[in-house]
Structure formats: structure tokens, C-alpha cells
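Accompanying notes for the structure given below.
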Amino acid sequence: MGSGRSVRIGGVQFGDGAPVRVESMLKSRLDDTESCLKELAELREAGCELVRVAFPSEDLAPSLTELVSRAEVPLMADIHFNHKLALTAMECGCGSIRINPGNMSGAEGLMSVLDAAKSNGVVIRIGANGGSLSGRQLDACGGDRALALVLAVEEQLVPLLKRGFEEVIISAKSSSVNETVLANTILSQRYPYPLHIGITEAGAGMDGAVKSAAGLGILLSQGIGDTMRVSLTGDSRTEVDVAYMIQRSIGTRKRGVNIISCPGCGRRRVDVANLERRTREILSGVGNLPDGLDVAVMGCEVNGPKEAASADIGIAGTQNGFVMFKKGVAIETGGIEALDRALAVRLKELSTA
Ligand code: SF4
């Protein structure tokens, strides 16, 4: 579903039927070009389709220009307060900028940004964060933070629309799952513009991944959201991996292999956790497997093949070793010592290399 309108950044479509895009933000500082390029290459390889980069000072314009010219993934300059930074980012060749029109220096400043964006075909992302809601906005909404987020987005959006600027992506983010879900649900009903969704300050590791999955999962399952960022403390590549895991779970994107593994129980014939780890290692060594491939790792032959009957390829422990199955039908058996090799051979058969 998603939004009814679309924008394009660096040839990538956002909204109106395009796949839900996966974003991240550079953690490297802009003045360290080599680190930025390395991080960008890793993000691109992981499937990132838009990378936000903090642009806090005019001094960094040469670095931004170099990054734009060398990056193989579209960039969005993240700007606060100073409209001149937005103008400079566009001069540097950035195809998109993220601004807060409310903290841009006056109506004239905003107008010059919109004029430049129009003539350069630049997309503007606007949006509100739970952390920056004002007392006035909260009071106006009776203290309801989700409604205040919607109001804050509208206060940024209206000045752009009044000036006839519609090449926008909008966002309403909070560290609260419930606030984020409600605010985005309302925005998706009111406006046709592409929505960037995410849970801010979600945390690190499993905490952040689960919080993001809870919020973004609800939204995506209702067809809300055109581009997403999983904000995690730590490695930016993990943000992209988790975003695709969430999309694979919901069924909106299929990038990568989907591993199905049972929790193991008193019937298990193998150490399922160890087998799942080895399977991941084997998968990473094979490469070029079709997106959306289901690979099952099950602890026993009694229930395993049935429980994972839809898997493209699966293995289950048996009394004497393993049984390998395809769509629930046994295709090979062997001793446990032969399992890794047998699995690698079968997976290579599925590889598109
Ligand atoms: S597949 Fe077998 S070992 Fe795994 S949870 Fe089911 S019954 Fe238990």
C-alpha cells in the first residue's frame, strides 16, 4: 500500500508502490572521508538505499562534495537551524536534505531553500521527534504526545505546501512504540506524501531490534511506511540487516535468506543452536542465493520436516545423523559428520552464481 505520491532521490523511488526503502545514517564524521566511504560501501552492500549524513558546518562543504561525487548510494544531508547549510548542501550536489522549517532562520531563508530545491530537483524530508515537542504543542493536544507529533509535522509541512512545494518525505518519530504507531497512522490517513518511519533512540542490540520490530512491524503490516530506519546504538550495517529482517518477517521485502529454526525440545536429536550457527556459516560461504529462500534447521525428524514443510531446503536431526528435506519431502540422509558438506552442496545447487 504505502503513500499515494512518490519522490525520487538519485534515481530511487520512494512511495507510490515502490518497495519500502531501507535507510541508515553515517556514524563516521564528515571530515573523515575515507571512513565515510568505507561505511557507505558496507551499507550499500547490506542493501541500504539512502544514507543520511550530518552536515553541521559550512567548513565541511568540500568533504560533502567529495562524498556526493564518490558515493554509490544516494545521500541526504541532515541540517538544523541554518538555512544557508541547506543551500550549501544542494550546491554540493546532495539530492535530498532533511530540515526543520520551524527552526530555519525566518520565512525568507525557508523560501530560498524551497526555490533552490525546486530548481535542483531536491527532495526535502521534514518531520518531528518526540524529544523536540514544545510545551505549546503538547498543551494544544491536551498532553497527548502522538497528537502533538502530528501537529509538529503539520506545522512543518504547511509552510512548504503553501509555497507549492510537494517533493517531501514526512516523518514522526518517538522512542515510544505506541506514540510512533498512532502518529504515523494519523499522518498516513491525512496526507499522500511518502512516510519515513522509525523508532528513535531504540537502544542497542536486541533491545533496539525488538523495539523497532514491534513498532515498524505494526505499521508495515498495515501498509504504512515508504522508507524506514532502524536506529541502533552501534554498527550502522546492523541497522540495515535488522530492517531487512523486519521486512522479511512482514513480507514486504525478501532480501536475504530466511532461516527457520526450531527452539529444540526433549525430542531433539542434535544441538539445534550449534547447527543453526553452522548453517549460517555455510550460507555465508555459498553466496548468490535467491532472495527469500527459506532454509530450515530442525531438531528432530519426527516433527521437523512437517513443521518446516514450506522450507526450500531443510535439515533435521535423526537417531543416526540427519535427514535433508525439500518442501517437506526427504531427499537425503547421512551421518552427522557428513552434514555440513551435504548442506553446502545442496545450497550451491540453489545458488544463482
Ligand atoms: S522440531 Fe523436534 S526438536 Fe524441534 S521443537 Fe519440534 S519436536 Fe522439538
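For the numbering used here, add 5 to where a residue sits in the sequence shown, where the first one is 1. Here a beta-carbon is modelled for each residue, glycine too, at the ideal position from N, C-alpha and C.
* To do: Report, in whole angstroms, the separation of the C-beta atoms of Val226 and Ile251, which I expect to be a contact under 8 Å.
  => Going by the sequence as given, residue 226 is Ser instead of Val. Not a contact, Cβ separation roughly 10 Å.
* Quick one: measure Cβ to Cβ for Met81 and Ile104, integer angstroms, because I've assumed they're closer than 8 Å. => No, Met81 and Ile104 are not in contact; Cβ-Cβ is about 10 Å, not under 8 Å.
* To do: Measure from the alpha carbon of Pro295 to the alpha carbon of each residue in Val262, Cys270 and Gly269, then state which is nearest.
  => Out of Val262, Cys270 and Gly269, Val262 has the C-alpha closest to the C-alpha of Pro295.
* Asked: Any heavy atom of the ligand SF4 within a distance shorter than 8 Å of the CB on Gly319?
  -> In terms of side-chain proximity, the C-beta atom of Gly319 is found no nearer than 8 Å to any non-hydrogen atom of the ligand SF4.
* Identity of the residue in Ser29, Gln324, Thr232 and Ala349 nearest Ala23 by Cα -> When each option's Cα is compared against that of Ala23, the closest is Thr232.
* Which residues does DSSP pair with Leu200 in a beta bridge? -> Paired residues: Ile175.
* How many whole angstroms separate the CB atoms of Lys216 and Ala207, which I take to be in contact at a CB cut-off of 8 Å? -> That belief holds up - the Cβ atoms of Lys216 and Ala207 are roughly 5 Å apart, short of 8 Å.
* Asked: Looking only at DSSP bridge pairs, what is Asp83 linked to?
  -> In the DSSP output, where bridge partners are listed per residue, Asp83 has Ala59 and Arg103.
* **Within 9 Å, strictly: CB atoms of Ser176 and Gly203** => Yes, Cβ-Cβ distance for Ser176 and Gly203 is below 9 Å.
* Asked: By a C-beta neighbour count over all protein chains shown, 10 Å radius and 16 as the cutoff for buried, is Gly340 buried or exposed?
  -> Burial call: exposed.
* Of the listed residues Arg49, Val334, Met329 and Arg242, nearest to Val350 (C-alpha basis) -> Of the listed residues, the one whose Cα sits closest to Val350 is Met329.
* Asked: Going along the chain, which residues of its own chain have a beta-carbon closer than 6 Å to the beta-carbon of Glu28, five neighbours each way excluded?
  -> For Glu28, where only same-chain residues beyond five positions count, the Cβ hits under 6 Å are Leu55, Thr232 and Arg234.
* To do: Just grab the DSSP bridge partners of Asp299 for me.
  => According to DSSP, Asp299 bridges with Asn263.
* Per DSSP, cross-strand counterpart(s) of Phe327 -> Here Phe327 is bridged, per DSSP, to Gly322 and Gly339.
* Asked: Who pairs with Arg234 in a beta bridge, going by DSSP?
  -> According to DSSP, Arg234 bridges with Glu28.
* Asked: Is Gln194 helix, strand or coil when you go by DSSP?
  -> Helix, per DSSP.
* **Extent of the continuous beta strand (DSSP E) to which Gly132 belongs** => Note, Gly132: beta strand (DSSP E), Val128 to Asn134.
* Kindly confirm or deny that the region 262-282 and the region 299-317 touch, where touching means at least three C-beta pairs closer than 8 Å. => Three or more Cβ pairs closer than 8 Å define a contact, and the region 262-282 meets that threshold against the region 299-317.
* **For Thr357, the nearest candidate out of Val128, Leu143, Leu298 and Pro310 (CA to CA)** => It is Leu298.
* Got a sec, what are the start and stop residues for the beta strand (DSSP E) Ile14 sits in? -> It spans Val12 to Ile14 - the beta strand (DSSP E) in which Ile14 sits, taken as one unbroken run.
* To do: Name, in chain order, the residues that DSSP records as bridge partners for Phe19.
  => In DSSP, Phe19 forms a bridge with Val12.
* Does the region 167-176 come within contact of the region 7-23, defined as at least 3 CB pairs closer than 8 Å? -> Counting Cβ pairs under 8 Å, three or more are found: they touch.
* Start and end of the alpha helix (DSSP H) containing Asp345? -> Segment Leu344 to Leu355, the alpha helix (DSSP H) holding Asp345.
* Val334 - DSSP class collapsed to helix/strand/coil -> Val334 falls in the strand class under three-state DSSP.
* To do: Please write down, chain order preserved, every residue whose beta carbon lies under 5 Å from a heavy atom of the ligand SF4.
  => With the criterion CB distance below 5 Å from any heavy atom of the ligand SF4, the matching residues run Cys267, Cys270, Arg272, Arg273, Met303, Gly304, Cys305, Asn308 and Gly309 along the chain.
* To do: State buried or exposed for Cys270, treating a residue as buried only when at least 16 other CB atoms are found within 10 Å of its CB.
  => Exposed, because fewer than 16 other Cβ atoms sit within 10 Å of the Cβ of Cys270.
* Asked: What's the gap between the Cα of Leu192 and the Cα of Leu224?
  -> Using only the alpha carbons, I get a separation of about 12 Å.
* Quick one: using the 10 Å Cβ neighbour count with 16 as the cut-off for buried, is Asn293 buried or exposed? => Exposed, by the Cβ-count rule.
* Return the Cβ separation of Leu352 and Ile318 in integer angstroms, given the expectation that the two are a contact with Cβ distance under 8 Å. => At roughly 7 Å, the Cβ-Cβ gap stays under 8 Å, so Leu352 and Ile318 are in contact.
* Asked: What is the DSSP secondary structure of Ala209, reduced to helix, strand or coil?
  -> Three-state result, Ala209: strand.
* In three-state DSSP terms, what is Cys41? -> Looking at Cys41 - three-state DSSP - the assignment turns out to be helix.
* To do: Taking all protein chains shown into account, decide if Pro67 is buried (16 or more other Cβ within 10 angstroms of its Cβ) or exposed.
  => Pro67 should be labelled exposed.
* Asked: Can Ile20 and Ser8 be called in contact, C-beta distance under 9 Å?
  -> For the sequence presented, residue 20 should be read as Gly rather than Ile. Inclusion of Gly20 and Ser8 in the CB contact set at 9 Å is warranted, their separation being smaller than that value.
* Determine the DSSP secondary structure at Glu306, reduced to helix, strand or coil. => Glu306: coil per DSSP, three-state reduction.
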